[in-house]
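K.L.:
Here the sequence shown is numbered in the working numbering, starting from 3 and rising by one per residue.
Where a beta carbon is used, it is the ideal one built from N, C-alpha and C, also for glycine.
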Amino acid sequence: MFRVRLHSTALASLAAFSMFAVVPAPAAQAGPACDQGWAYAVHRNEPNRMKVFDRYAVVNGTGRTIHGSFRADSGGSVAATAGISLTAEASAAVFAKVSGTVNASITKTMTAATGVTATSSVKPHSTLKGDYGIYRERVTMKRYYMYSNCQTSAPTYFSYSAPYRKAWKLYY
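Next comes the structure, spelled out in structure tokens:
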């Protein structure tokens, strides 16, 4: 069996070393972290509207059902619009938010051609009306600034619309 004898100066050095040993610092408590910048959210989905390019009516003055036809002689284009001025980057962010959460069929611009027809039965003693145009998805957007600590500024609200369907709307 072996015995190790430590000299008193060696013991004192060992004791001093153990009192000042390097201990890793505890990990800092990380708070929430967010990407700083403007953020957009759909605040409210509004009733959709049609931009009408042509409007016609078929009057049936008889006592029997007849067939009526409609033909679009006028057309036009509709573009996505915002109620405030947006940068190209912000416009793309708003478009992506509306497309992803409200209506995946929206486009940035749409054109309604001429020559498009619709045919329908018309009830006796009635008038069938027809509107030709482009439907627009309408929403109220919320814009706010997100700080890196996840706090937000007071929101502002603005309207946004984007085209999504060319159609004849027939109604009495």
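Go to residue 101, then tell me how far its alpha helix (DSSP H) extends in each direction, as first and last residue.
P.N.:
Within the sequence shown, residue 101 is the residue found at index 99, counting from 1. Here the alpha helix (DSSP H) through residue 101 covers 90-103.
K.L.:
So, for residue 25: in the same chain, excluding its five sequence neighbours on each side, which residues have a beta-carbon less than 6 Å away from its beta-carbon?
P.N.:
As a first step, residue 25 must be located in the sequence shown, where it is residue number 23. At residue 25 the pLDDT is 47, less than 50, meaning the model places this residue with poor confidence; the figure from the coordinates comes in the next sentence. Within the same chain, residue 25 has no close Cβ partners at all.
K.L.:
Which residue's Cα is closest to the Cα of residue 100: 81, 86, 68, 139?
P.N.:
Translated into positions along the sequence shown, residue 100 becomes position 98. Nearest C-alpha to residue 100: 139.
K.L.:
So, for residue 160: in the same chain, excluding its five sequence neighbours on each side, which residues have a beta-carbon less than 8 Å away from its beta-carbon?
P.N.:
Numbered from 1 along the sequence shown, position 158 holds the residue referred to as residue 160. Cβ within range, chain order: 84, 85, 86, 142, 143, 145.
K.L.:
Would residue 130 pass as a contact of residue 88 if the rule is Cβ separation under 8 Å?
P.N.:
Here residue 130 refers to the residue found at position 128 when the sequence shown is read from its first residue. Here residue 88 refers to the residue found at position 86 when the sequence shown is read from its first residue. Not a contact, by the Cβ cut-off of 8 Å.
K.L.:
Going straight from the alpha carbon of residue 166 to that of residue 55, what length do you get?
P.N.:
Taking the first residue of the sequence shown as 1, we reach residue 166 at position 164. Taking the first residue of the sequence shown as 1, we reach residue 55 at position 53. Looking at the two C-alpha atoms, the distance is approximately 15 Å.
K.L.:
Go to residue 134, then tell me how far its beta strand (DSSP E) extends in each direction, as first and last residue.
P.N.:
As a working mapping, residue 134 is identified with position 132 in the sequence shown. Looking at the DSSP string, the run of the beta strand (DSSP E) that includes residue 134 is 128-148.
K.L.:
Where does residue 50 fall in DSSP's three states?
P.N.:
As a first step, residue 50 is located in the sequence shown; it is residue number 48 there, counting from the start. Reduced to three states, the DSSP call for residue 50 is coil.
K.L.:
Quick one, are the C-beta atoms of residue 121 and residue 71 less than 8 Å apart?
P.N.:
Residue 121 sits at position 119 when you count from the first residue of the sequence shown. Residue 71 sits at position 69 when you count from the first residue of the sequence shown. A contact, by the Cβ cut-off of 8 Å.
K.L.:
If we ignore side chains and look at the alpha-carbon of each, how far apart do residue 23 and residue 44 end up?
P.N.:
Position 21 of the sequence shown, counted from the first residue, corresponds to residue 23. Position 42 of the sequence shown, counted from the first residue, corresponds to residue 44. With a pLDDT of only 46 at residue 23, under 50, the local geometry of the prediction cannot be trusted, and the value read off the model is given with reservation. Their backbone Cα atoms lie some 57 Å apart in a straight line.
K.L.:
Using the three-state DSSP reduction, which class does residue 56 fall into: helix, strand or coil?
P.N.:
As a first step, residue 56 must be located in the sequence shown, where it is residue number 54. Note: residue 56 maps to strand in three-state DSSP.
K.L.:
So which of 41, 67, 74, 95 has the shortest CA-CA distance to residue 158?
P.N.:
Counting from 1 along the sequence shown, the entry for residue 158 is found at position 156. Nearest of 41, 67, 74, 95 to residue 158, Cα basis: 41.
K.L.:
Starting from the Cα of residue 109, find the closest Cα among 137, 91, 153 and give me that residue.
P.N.:
Position 107 of the sequence shown holds residue 109. Closest option to residue 109, Cα to Cα, is 137.
K.L.:
Do residue 74 and residue 149 have their beta-carbon atoms positioned less than 8 Å apart in this structure?
P.N.:
The sequence position of residue 149 within the sequence shown is 147, counting from 1. The sequence position of residue 74 within the sequence shown is 72, counting from 1. No, these two residues do not count as a Cβ contact at 8 Å.
K.L.:
Taking the CB atoms as reference points, tell me whether residue 168 and residue 92 lie closer together than 8 Å.
P.N.:
By 1-based counting over the sequence shown, the position of residue 168 is 166. By 1-based counting over the sequence shown, the position of residue 92 is 90. Not in contact: residue 168 and residue 92 (Cβ atoms no closer than 8 Å).
K.L.:
At what residues does the beta strand (DSSP E) containing residue 125 begin and finish?
P.N.:
As a working note, residue 125 is residue 123 in the sequence shown. Premise fails: residue 125 is in no beta strand (DSSP E) and is neither H nor E.
K.L.:
Taking just the CA atoms, how far does residue 117 sit from residue 52?
P.N.:
Here the question's residue 52 lines up with position 50 in the sequence shown. Here the question's residue 117 lines up with position 115 in the sequence shown. In a straight line, the C-alpha of residue 52 is about 18 Å away from that of residue 117.
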